[in-house]
Each structure stands twice: as C-alpha cells, then as structure tokens.
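Peer 1: In our numbering, the protein residues as written are -13 to 472.
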C-alpha cells in the first residue's frame, strides 16, 4: 500500500493535476499543448488513468448528481454555480473544461498509448488504453449523445471532426472492448503496466484479470442501456455474455475506481472541490429522505449529521432558503480520519454493487441467467460493505428492505432505487438509469428554468465556436439514442 501511495503522488506531480477540472483552461479538442505526446509509455498511462479518475469526480459528476438530486447547492447565501446547475441552468460554456479534459487529454492520451504500443510491441498497454477509451466514450455518449468519434485524435490532420451517431459509437465500443481484452491477454508484451497505472495498480500478471473483468462488466452495462430501445437485443447480448463464462466482477476488489491519497494535489476531486468551495454542496433531500425512511445504515458514511451529534440527517431542496443547516457530503466521498477530511476516498466509476443490480434487473425483466432476488441482495450487501457498514447492520437492513415484492414494475423500482443509493458519487449512471426506467421518481425542482428533467447536456460552447460540424441542441430535452421511455 505504501508503494502504491507514493506512486500515486508521483503520478500526480508528474502530470500536474493541481486543480479541479473546472479551473483548467480549454483548447481545441485535437490540440492540447499540455498533452503528453512523446513521453515514455509508462508516463502516458499514468496521465491517462489519473485524468480518467479526475474527470469522473469533477464537473460532469456534479452536474449529474445535482440533476439526480443526490447533491444540492442550497447552502450559500450568495448564489453559486451549484445552485444554478441544480435548477438546470447548465449552459454550453459551463461544459468547455469537461469536454476539453475528455477529448484533448484523456482520449488523446489513450490514442497516443495505442499508437506507441502498436509500434513497440506492447499489447498490454494498448489493451488497457482501449478498455479505458471505451469507458470514456460510453460516458461521453451518455452525457451528450452524438459526438466526434471516427475522426478524432488526429491532431492537426483534422481539427474539425464530424459527429458520429451515438448508436454507431456504442457498436464500436464493444469492438474496442473485445480488442482490449485480447491485447491485455497477449502472452508476450515488451512492457506491461504496473504501479504506474493508478487504476488497478500492481503486477500485471495479477491486474490483467481486473482489466478483463472490468471490460466484460462494462459490456453488461452497455447492453443494459438498450433495455427500452431494443429489449430483445439487450436480452440476447446479456445472455450470451453471461453464458459464455467470461470473467465478470466478483467482489468489491474488482471495482473500477481511482484511488487518491492524503497529500497536497493528490486528494480526490470531490474533496478538493469541497475544500476550495466550502459549503457549495450539501446532501439532497431526495436521497436523504429515501435513506431516512429505511433507517439506512450507510447514512453516517454518506452524510454528516444535522444537527451535529443528533443521529439525524437533513437534505436540501432546490429553491429552499440558502442555509448551512443541512447534512454535507461525508467520508464515503471525501475520506475522513481523526476528525478531518483526508481526500483519500476513491472515485468509483463502475462497482461490484452496480454489477449485481445489472444482473438483478436483467434476471427480472429478461429472464436472464440467475435469480433477481439473489443479485438484489448481493448488490445491497456490496454497497454497504464498501461504505463500511457492519455485518449486523447489513443483516438488519436486508431483513426489513431486502426482499423484492409486487409486480415486475414494482420490483424494478426497488432494484433501481437501491442502485441509485449505491451509486452515490458514481458519474452519470444514476441519471442513465432514470432516463431508461423512470426510477427513482424525479420531478423538476420548483425553481427549475425548464419544465422537465434534462435528458442530455448542451454541447460545449467551445465546440460550437470552433467546429462547424457541431450544431447546438434546441434544449436539454434532446434524448440519447437509447432513451426511448415515454
């Protein structure tokens, strides 16, 4: 652990991740003057994994957590950007930095590694880069819809890439994942990732199994997204993947997440945001009430108590009077020890808990392999274990809330609501689940600037200004291709 701790610190110092993404300059998506082009492949992978983890805990995480009423901005007397975002005033100019981070840094790093690895006989590196690239594009598509794909990462050869359909990109992501699995499984590679990868660090002889399990589990997530668009396709692909016997997530140790450490410039981005902008975010009434109603034992890990020491938890509602009298984000997202925040909580991107809820939903809706109840129980257990809940408290909660009952739709509501609680702090996926299923029920806040919950985000203003292929959306109600629920 100590060796990895110092590797993370070195990775952060090398790459220069010194501020949150909301403070980072933006550039054309194909020309980032800070991008690492000729560095050793080991450093390029450090850059890729650190930036992927940092992105997943920064701007887009806040936007979607506010939309999904997990976070609230009602904590400051002076109107701040989180209050604007919570009432859906999210403009293209707000997204310039996130877009630049994705295209000019993360995807460029991935492409540089793939090109370098192909030229130097390092398939283990290209395989990892392709798997991360697939994840990065899955998130990007689910946020914006149609985006540049086939003509990107060509530097000066094409600074104005065309926009590919989101559905065609999804098809390519499965191919990328298959390629990545094959390459990380290669019997020979001149070099292999080690502790220079801040995601799944360690000897590659061990961690390649993590990358394979993650790639396969990411396929399950992607296939599930077709649940409304094409349920027959979703069932067929999920069943084939499960029945093939490929490795999938098996424990919390398989979580796709980025670890951080309690050192300057190396703390996680959620904690950095909270430290630099104290009081900007608090817990939302929606998630707090759901958990209060079930006496959920994750509450003391997720939120601070309000009033302090009372054992009570209070969330905020957008439009309420600004106040500090709410529960705030706590140890699960920030890290906490010796009465102080440490910033060493991981940024979770795809978890074992999510895997189990995917399997529960697939078994319930599509009669896919396995028993929905078994996976439902396993998902709750995985989430609570990851949060630090005791075995006794897990058992008590399951006895009261862990049995699927009612119609198929009522059971689906139970699964997605528990997945929503377990996905606290995970970028985008709760928003995707709501857009797919309508659960948990979310209504626009009373002060919302539009009369609907957003279905995608506007394209960044930098893209509209620089790329003639980018056409701004008429509103936040434009749907991603898989979002067909009425």
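Glycine included, C-beta positions come from ideal geometry on N, C-alpha and C.
1) Once the 5 residues before and after residue 28 are set aside, which same chain residues still bring their CB inside 6 Å of it?
2) For residue 471, is the classification buried or exposed, using 16 other Cβ atoms within 10 angstroms of its Cβ as the cut-off for buried?
3) Within a Cβ cutoff of 7 Å, which residues of the same chain sit near residue 34, ignoring the five residues on either side of it in sequence?
4) Run the CB neighbour count on residue 418, radius 10 Å, all protein chains shown included, and call it buried at 16 or more, exposed below.
5) In this structure, how does DSSP classify residue 476 when only helix, strand and coil are distinguished?
6) Is the beta carbon of residue 442 sitting closer than 8 Å to the one on residue 86?
7) Short check: CB of residue 430 to CB of residue 72, under 8 Å?
8) Excluding sequence positions up to five away, which residues of its chain have a Cβ less than 6 Å from the Cβ of residue 175?
9) Please determine if the stretch 184 to 197 and the stretch 315 to 329 are in contact, where contact requires at least 3 C-beta pairs separated by less than 8 Å.
10) Strictly by DSSP, which residues pair up with residue 500?
11) Give the DSSP bridge partners of residue 327, in chain order.
12) State the CB to CB distance for the pair residue 410 and residue 56, rounded to an integer number of angstroms; the pair is presumed to be in contact (CB under 8 Å).
13) Mind checking residue 247: buried by the 16 CB within 10 Å criterion, or exposed?
14) Nearest to residue 191 by alpha carbon, out of 171, 367 and 203?
15) Leaving out five residues before and five after residue 215 in sequence, what residues of the same chain have Cβ atoms less than 6 Å from its Cβ?
16) Output the boundary residues of the alpha helix (DSSP H) element that contains residue 197.
17) Roughly how many angstroms separate the alpha carbons of residue 327 and residue 45, rounded to a whole number?
18) Within the chosen definition, does the stretch 326 to 343 reach the stretch 234 to 241 through at least 3 CB pairs nearer than 8 Å?
19) Can you tell me whether DSSP reads residue 270 as helix, strand or coil?
20) Can you tell me whether DSSP reads residue 51 as helix, strand or coil?
21) Below 8 Å between beta carbons: does that hold for residue 39 and residue 256?
22) Alpha carbon to alpha carbon, how far is residue 165 from residue 219?
23) When the Cα atoms are used, what is the spatial distance from residue 386 to residue 206?
24) Between which residues of its own chain and residue 66 is the CB-CB distance below 7 Å, once the five residues before and five after are set aside?
25) May I have the straight-line CA-CA distance separating residue 254 from residue 264, to the nearest angstrom?
26) Per DSSP, residue 57 forms a beta bridge with which residues?
27) If you draw a straight line from the C-alpha of residue 331 to the C-alpha of residue 412, how long is it?
28) What residue range is occupied by the uninterrupted alpha helix (DSSP H) comprising residue 387?
29) Taking C-beta to C-beta, are residue 282 and residue 406 nearer than 8 Å?
30) If you check the beta carbons only, do residue 493 and residue 458 fall under 8 Å apart?
31) Please state the DSSP three-state secondary structure of residue 14.
32) Quick check on this structure: which residue in 359, 124 and 415 has the alpha carbon closest to the alpha carbon of residue 391?
33) Determine the DSSP secondary structure at residue 150, reduced to helix, strand or coil.
34) In whole angstroms, what separates the C-alpha of residue 420 from that of residue 426?
Peer 2: Per the coordinate set shown:
1) As a working mapping, residue 28 is identified with position 42 in the chain shown. Counting only Cβ-Cβ distances below 6 Å, and skipping sequence neighbours, we find 182.
2) Position 485 of the chain shown, counting from 1, holds the residue named residue 471. Its Cβ having fewer than 16 others within 10 Å, residue 471 is exposed.
3) Counting from one through the chain shown, the residue named residue 34 turns up at place 48. If we look at residue 34 and ignore the five residues flanking it on each side, its Cβ neighbours are 92, 95, 96, 99, 115 and 118.
4) What you label residue 418 is simply residue 432 of the chain shown in a count that begins at 1. Answer is buried; the Cβ neighbour count reaches 16.
5) For residue 476 there is no data in the structure shown, the boundaries of the chain being -13 and 472.
6) Here residue 442 refers to the residue found at position 456 when the chain shown is read from its first residue. Here residue 86 refers to the residue found at position 100 when the chain shown is read from its first residue. No; because the gap between Cβ atoms is not below 8 Å, this pair is not in contact.
7) Position 444 of the chain shown, counted from the start, is the residue given in the question as residue 430. Position 86 of the chain shown, counted from the start, is the residue given in the question as residue 72. No.
8) Here residue 175 is taken as the residue at index 189 of the chain shown, counted from 1. 108, 109 and 110.
9) no
10) What the structure shows of the chain is the stretch from -13 to 472, and residue 500 is not part of that stretch, so it cannot be assessed.
11) By one-based count along the chain shown, residue 327 stands at place 341. For residue 327, which the question treats as bridged, DSSP gives the partners 322.
12) What you label residue 410 is simply residue 424 of the chain shown in a count that begins at 1. What you label residue 56 is simply residue 70 of the chain shown in a count that begins at 1. The pair is a contact, with the Cβ atoms about 6 Å apart (cut-off 8 Å).
13) Position 261 of the chain shown, counted from the first residue, corresponds to residue 247. So residue 247 counts as buried.
14) Along the chain shown, read from residue 1 onward, the residue named residue 191 stands at position 205. Of the listed residues, the one whose Cα sits closest to residue 191 is 171.
15) Translated into the one-based positions of the chain shown, residue 215 becomes position 229. Result list for residue 215: 468 and 470, in chain order.
16) To locate residue 197, count along the chain shown from 1; it is residue 211. Note, residue 197: alpha helix (DSSP H), 190 to 210.
17) Position 341 of the chain shown, counted from the start, is the residue given in the question as residue 327. Position 59 of the chain shown, counted from the start, is the residue given in the question as residue 45. About 21 Å.
18) yes
19) By one-based count along the chain shown, residue 270 stands at place 284. Of the three classes helix, strand and coil, the one that applies to residue 270 here is strand, per DSSP.
20) Numbered from its first residue, the chain shown carries residue 51 at position 65. Three-state result, residue 51: helix.
21) Position 53 of the chain shown holds residue 39. Position 270 of the chain shown holds residue 256. No; because the gap between Cβ atoms is not below 8 Å, this pair is not in contact.
22) Mapped onto the chain shown, residue 165 falls at position 179. Mapped onto the chain shown, residue 219 falls at position 233. Roughly 21 Å separates the two Cα atoms.
23) Working through the chain shown from its first residue, we reach residue 386 at position 400. Working through the chain shown from its first residue, we reach residue 206 at position 220. In a straight line, the C-alpha of residue 386 is about 29 Å away from that of residue 206.
24) On the chain shown, position 80 is the one that residue 66 refers to. These residues qualify, in order along the chain: 59 and 266.
25) The residue given as residue 254 occupies position 268 in the chain shown. The residue given as residue 264 occupies position 278 in the chain shown. Cα to Cα, the separation comes out at about 15 Å.
26) Position 71 of the chain shown, counted from the start, is the residue given in the question as residue 57. BP columns for residue 57 point to 269.
27) Here the question's residue 331 lines up with position 345 in the chain shown. Here the question's residue 412 lines up with position 426 in the chain shown. Rounded to whole angstroms, residue 331 to residue 412 spans 12 Å at the Cα level.
28) Here residue 387 is taken as the residue at index 401 of the chain shown, counted from 1. 377 to 387 is the span of the alpha helix (DSSP H), which, as asked, contains residue 387.
29) In the chain shown, residue 282 corresponds to position 296, counting from 1. In the chain shown, residue 406 corresponds to position 420, counting from 1. The answer is no: Cβ separation not under 8 Å.
30) Outside the displayed span of the chain (-13 to 472) sits residue 493, for which this structure offers no information.
31) Taking the chain shown and counting its residues from 1, the one referred to as residue 14 is at position 28. Confidence at residue 14 is low in this model, with a pLDDT of 44, below 50, so its placement is unreliable and the value that follows should be read with caution. Correct three-state label for residue 14: coil.
32) By one-based count along the chain shown, residue 391 stands at place 405. Out of 359, 124 and 415, 359 has the C-alpha closest to the C-alpha of residue 391.
33) On the chain shown, residue 150 is found 164 positions in, with the first residue counted as 1. The answer is strand: DSSP assigns residue 150 an E or B state.
34) Taking the first residue of the chain shown as position 1, residue 420 is located at position 434. Taking the first residue of the chain shown as position 1, residue 426 is located at position 440. Spanning the two alpha carbons is a distance of roughly 6 Å.
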